[in-house]
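S.K.: Going by the UniProt record's numbering, the final residue of the sequence shown carries number 495, and the count climbs one at a time with no gaps.
Backbone N, C-alpha and C fix where the C-beta goes; we use that ideal spot for every residue, glycine too.
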Amino acid sequence: MFRTLKRLLPGRGMLAFRYRGTIIRTSAFKLLFLAVLTISMVMFMRLQGLFLAMPVQNEDKQFGSVLPKQHPKHRINYIPLPTDLLSSPRTSEFTTNNFLAARTSKKHVALPTPNLILPSLGDKKGTEPPIDIEKVRKIIQNINSQERIQNFEKFPSPLNENSMIIIIQVHNRPDYFSHLLRSLSAVSGIQDGLLVISHDFYSDFINSLVDAINFCKVLQIFFPYSMQLYPHEFPGTDPKDCPRDATRTRAKEIGCNNADHPDKYGHYREAKFTMTKHHWWWKANMVFDGLNITKNYNGPVVFLEEDHYASPDFYHVLKKLYETKLKDSNCDGGCDILTLGTYTLTPNYKTAGENVVELQKWRSVRHNMGMAFDRNTWESIKDCKQLFCAYDDYNWDWTLMRISQTCLRKPLKALVMKTPRVFHIGECGIHHKKKECNPDQTVSKFNSIIQDNADSFFPASLKVEHKFGEVSSSQPNGGWGDTRDHDLCLSFVKT
């Protein structure tokens, strides 16, 4: 025993051991130092992993100069997400190829389901406190100029030919908007896209809904000429503006601002109606010509509203529609607009034509929901800016119809899905007077249709059918006779 120890401890604290035929000698001090260093590194790495798993509390400090500083008012309701929500969204677990393969083999594959936790509505609806108008104007100006991309660190890929841009026009219906966001969280492939949310109402609570989005890149913009920001002056309602139903003679007598400019039916402007057309035109100009991230994007831009609802294969079908537009001989010189929604209830997709897309002349009242177009179509529309901004109709879609019929070289044609991928859940709003509005019931109805027709989603190909008929000329709806509206509208155009 003594001889063995003497070999292991040859003297003065030296250690010697044999490893694979090689004798290694070292001091006991060095060995102890290496052991302590190794244990310290392991503990440090475990602590680092714990900190990295924590929700991000201050993105500005974490990413330094990569992200511009956001106004603290806009961040007041930022909600740190649980760590399980910071991983890839559930849509990444679902692949179109797996779904198609399972359908071919007669196996059932569940469609993706919403995977988004949003702040509770509670009693928030209709309880927004009064705002400091000048302060909010500055906040909005700051947000619009920053063009901050939310979730960019999670989805850093630039926009390309496989991307899509969805732009949502949002007012102040958080209950509907919440349902739309949840439906988009279940859309397969949406992580490749950009969600542009265009507001005409500043709300801390609605901002908190946007902050909770975790499934794609997000960019918020705010319409800077809303009634909320200009409640007592144009483009809101100036106390010196003419009453809607005043006669022109009476308007002249009282000397109201716009006495010389009623609409074709003798009525004076109402700001609550003119704002929607202004907002639509402003956001279209912004997304195609005003935002840095989208200026070089030439793919389809989908226009949604806060009371829409998307199917899980919304993105897949959009790509198929755009491929058809670019490659199908039926679309030579046409297929200007892609329409994913219809107002017709379709309970059975197989009998209705699950993969059928109709090529028809674009009609505003039928083809304005979930519509998409690219830069080429936009340039044609923008060339008719004088007509868009002067036509006496407060509806943007009816105005677009007028452009199609009288200004463009040829009328707009649309590829319209016979079986919708965008649904309208809005029962209350500017054109709806229903007293009892329950979006939950409407969403439940459409979810049942989606689940009942699960095997009809994610079509491998689309079949084009022609459905042409004459589009009758329509009379303008009025509400857009004020030359101040014409001038403001033209000011949005980017040259």
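DSSP three-state call for serine 444: helix, strand or coil?
M.R.: Residue state, collapsed to three classes: helix.
S.K.: Run through DSSP, which three-state label would lysine 418 get?
M.R.: Correct three-state label for lysine 418: coil.
S.K.: In chain order, what residues of the same chain lie with their CB nearer than 7 Å to the CB of leucine 209, ignoring the 5 residues before and after it?
M.R.: Same-chain partners within the cutoff: Leu118, Pro119, Pro174, Phe177, Ser178, Leu181.
S.K.: Could you give the distance in angstroms between the alpha-carbon of proline 262 and the alpha-carbon of glutamate 253?
M.R.: Their Cα atoms are separated by approximately 15 Å.
S.K.: Taking DSSP's pairing of strands, which residues face isoleucine 166 in a bridge?
M.R.: Answer is Leu195, Val302.
S.K.: Hey, quick one: how far does the alpha helix (DSSP H) through alanine 284 stretch, first residue to last?
M.R.: Run containing alanine 284: 271-285, per the alpha helix (DSSP H) assignment.
S.K.: What three-state label does DSSP hand aspartate 393 in the structure shown?
M.R.: It is a strand residue.
S.K.: Measuring alpha carbon to alpha carbon, tell me which of Met286, Asp336, Ala372, Arg244 ends up nearest tyrosine 268.
M.R.: Ranking Met286, Asp336, Ala372, Arg244 by Cα distance to tyrosine 268 puts Arg244 first.
S.K.: Can you tell which of Ile131, Gly266, Arg148 has its C-alpha closest to the C-alpha of serine 203?
M.R.: Of the listed residues, the one whose Cα sits closest to serine 203 is Ile131.
S.K.: Using C-beta distances below 8 Å, list every residue in its chain close to isoleucine 293, excluding the 5 sequence neighbours before and after it, in chain order.
M.R.: Correct list, in chain order: Glu147, Ile149, Leu159, Leu194, Leu219.
S.K.: On the DSSP bridge assignment, give the partners of glycine 341 in chain order.
M.R.: Answer is Val422, bridged to glycine 341.
S.K.: Do the region 327-346 and the region 413-421 make contact, defined as three or more Cβ pairs closer than 8 Å?
M.R.: With the cut-off at 8 Å, the region 327-346 and the region 413-421 touch.
S.K.: Report yes if the C-beta distance between serine 188 and proline 114 is below 7 Å; otherwise report no.
M.R.: No, these two residues do not count as a Cβ contact at 7 Å.
S.K.: Hey, out of Leu291, Ala35, Ile221, whose CA is closest to isoleucine 168's CA?
M.R.: Of the candidates Leu291, Ala35, Ile221, the one whose C-alpha sits nearest the C-alpha of isoleucine 168 is Ile221.
S.K.: What number of angstroms, rounded off, separates the C-alpha of tyrosine 394 from the C-alpha of histidine 466?
M.R.: Straight-line Cα distance between these residues: approximately 31 Å.
S.K.: Given that a residue counts as buried once 16 or more other Cβ atoms are within 10 Å of its Cβ, and exposed if not, what is proline 347?
M.R.: Under this definition proline 347 is an exposed residue.
S.K.: Are the CB atoms of methionine 227 and methionine 275 nearer to each other than 7 Å?
M.R.: The answer is yes: Cβ separation under 7 Å.
S.K.: Taking 8 Å as the limit between beta carbons, can you name the residues of its chain near serine 364, skipping five residues before and five after?
M.R.: Here the set comprises Asn395, Asp397, Trp398, Leu400, Met401.
S.K.: Taking its Cβ as the centre, do 16 or more other Cβ atoms sit within 10 Å of glutamate 470, making it buried, or is it exposed?
M.R.: Per the 10 Å Cβ criterion, exposed.
S.K.: To the nearest angstrom, how far is the alpha carbon of threonine 324 from that of aspartate 374?
M.R.: So the two alpha carbons sit approximately 14 Å from each other.
S.K.: Please report how far the alpha carbon of lysine 319 lies from the alpha carbon of cysteine 242, in whole angstroms.
M.R.: Straight-line Cα distance between these residues: approximately 48 Å.
S.K.: Going by the beta-carbon positions, is the gap between residue 506 and histidine 486 smaller than 7 Å?
M.R.: Any question about residue 506 goes unanswered here, given that the chain covers just 1 to 495.
S.K.: If we ignore side chains and look at the alpha-carbon of each, how far apart do serine 444 and aspartate 238 end up?
M.R.: Their Cα atoms are separated by approximately 42 Å.
S.K.: Residues bridged to alanine 212 by DSSP?
M.R.: DSSP lists no partner for alanine 212.
S.K.: Between cysteine 256 and lysine 240, which are expected to be in contact by the criterion C-beta below 8 Å, what is the C-beta distance as a whole number of angstroms?
M.R.: With 8 Å as the limit, cysteine 256 and lysine 240 qualify as a contact, their Cβ atoms being about 6 Å apart.
S.K.: Just the C-alpha distance for arginine 137 and lysine 264, rounded to the nearest angstrom, thanks.
M.R.: If you take the alpha carbons of arginine 137 and lysine 264, they lie about 34 Å apart.
S.K.: If I follow the unbroken beta strand (DSSP E) through histidine 367, where does it start and stop?
M.R.: Where histidine 367 is concerned, there is no enclosing beta strand (DSSP E), given that its DSSP letter is neither H nor E.
S.K.: For a quick check, are the C-beta atoms of proline 312 and leucine 121 less than 7 Å apart?
M.R.: Going by C-beta atoms, proline 312 is not nearer than 7 Å to leucine 121.
S.K.: Please classify methionine 369 as buried or exposed, where buried requires at least 16 other C-beta atoms within 10 Å of its C-beta.
M.R.: Under this definition methionine 369 is a buried residue.
S.K.: From the DSSP output, in three-state form, read off proline 82 for me.
M.R.: Bear in mind that the predicted position of proline 82 carries a pLDDT of just 33, short of 50, making it too unreliable to give a figure here.
S.K.: Bridge partners of isoleucine 221, per DSSP?
M.R.: Note: isoleucine 221 sits in a beta bridge opposite Ser198.
S.K.: So, are the CB atoms of histidine 316 and phenylalanine 458 less than 7 Å apart?
M.R.: Yes, Cβ-Cβ distance for histidine 316 and phenylalanine 458 is below 7 Å.
S.K.: Sort out for me which residues DSSP pairs methionine 371 with in a bridge.
M.R.: For methionine 371, which the question treats as bridged, DSSP gives the partners Phe303, Thr339.
S.K.: Could you give the DSSP three-state label for alanine 352: helix, strand or coil?
M.R.: Correct three-state label for alanine 352: helix.
S.K.: Which residue or residues does DSSP assign as beta-bridge partners of valine 464?
M.R.: DSSP lists Val357 as partners of valine 464.
S.K.: If you draw a straight line from the alpha carbon of isoleucine 197 to that of tryptophan 362, how long is it in whole angstroms?
M.R.: Spanning the two alpha carbons is a distance of roughly 25 Å.
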